[in-house]
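Quick note on numbering: the sequence shown equals residues 259 to 514 in our numbering.
Each residue gets a CB set at the ideal place from its N, CA and C atoms; glycine is no exception.
Structure record follows, encoded as structure tokens.
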Amino acid sequence: MPSFNHECDLFLLTSNYYYHADNALTRFARLGARNIDGWGIASYRDGKAAILRSADPAFDRQSNDLSREFVIATQAVSSSLVLGHLRLTSSGSLNVVNNHPFKLNFLEYDWTMIHNGTAANKRYYLTPAERLLPESDNDSARVFEFLRAKIIDYLQDQRHSLIEGCRYAYSKLLNEDPHGGYNIILSNGYISFIFIHHRPFYILNRDKRTGNVTIVSTMKLTENEDWIRVNKLSRKKAKMLVYAGPTLIYNGDIPR
């Protein structure tokens, strides 16, 4: 697996109850201060995704503190499912339309996606006429469009499950670009798919009086809690985890 110089950071909070994720998100932004090219947050309410994002850094190096815009955004989010992304550009222009999360509606869901890594082979990109995120000129938007097309194609057979459809689409992506980097979190607001490829994730299960919550990140956000480091197996292409609320419902591998 190649080494990637540019590393965005990813965050997921998933529960069966609504939470303010401002403490976790601000910790995430402080630890990811090196990602200077913007941020984005997705949250869900009644299955509908709302996106907040900016091309300005979440951490202001001049004031040595979090940006006011980012702090206000984190305080505004109350959801049972939150995705966060800190961008360090490896593809595409410095423009808010290139900041993750991206959103597409298909199969009657609002889907959101965040990506860490860089495409090495662009042959799988949909043609300009087929693109659904034409304003974005980075590889992550093209990845999302590709996954959507393959998921829909796979589910034409009604015997197929959504989990297997996402696994199929991601496997196709790695087959098309075996030298790219594809750590991805994909969600439809009810189920979240974590694809672990070239970089490990850290997972924390918190027991709260108001209901359990699971946090997933490319960074270990605290030192006094029992985070689990999860990586792909050495003889596999990638690992796939699926969460419904705080519960892990699928743990599988993408074979070579």
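Using the three-state DSSP reduction, which class does residue i fall into: helix, strand or coil?
i	result
ARG487	strand
ILE294	coil
SER496	A small fix is needed here, since residue 496 is Ala in this sequence, not Ser. Correct three-state label for ALA496: strand.
ASN281	helix
SER429	helix
LYS380	coil
ASP548	This structure cannot settle anything about residue 548, because the visible part of the chain is limited to 259 through 514.
Comparing alpha-carbon positions, which option in the options lies nearest residue i?
i	options	result
ASP368	ALA407, TYR412, ARG303, PRO386	ARG303
ARG487	ARG493, LYS478, LYS494	LYS478
VAL474	TYR501, LYS494, LYS466	TYR501
ALA308	LEU289, THR332, ASP314, ASN293	THR332
ASN379	PRO436, ILE299, GLN320	PRO436
Taking just the CA atoms, how far does residue j sit from residue i?
i	j	result
HIS455	ALA496	5 Å
TYR460	LEU283	15 Å
ARG457	ASN441	7 Å
GLN414	GLU403	17 Å
GLY469	ILE421	25 Å
ARG563	ASN396	In the structure as shown, the chain starts at 259 and stops at 514, and residue 563 therefore has no counterpart that could be examined.
SER337	ASP295	25 Å
ASN363	SER301	15 Å
LEU289	HIS418	40 Å
HIS343	HIS373	8 Å
Please name the residue or residues paired with residue i in a DSSP beta bridge.
i	result
MET477	Partner(s): none; MET477 has no beta bridge.
GLY510	MET498
PHE402	Bridge partners of PHE402: none, in fact.
THR472	THR272, ASN463
Handout entry: Runs of beta strand (DSSP E) wholly within the segment 308-346 (minimum 3 residues, chain order)
Key = 336-344
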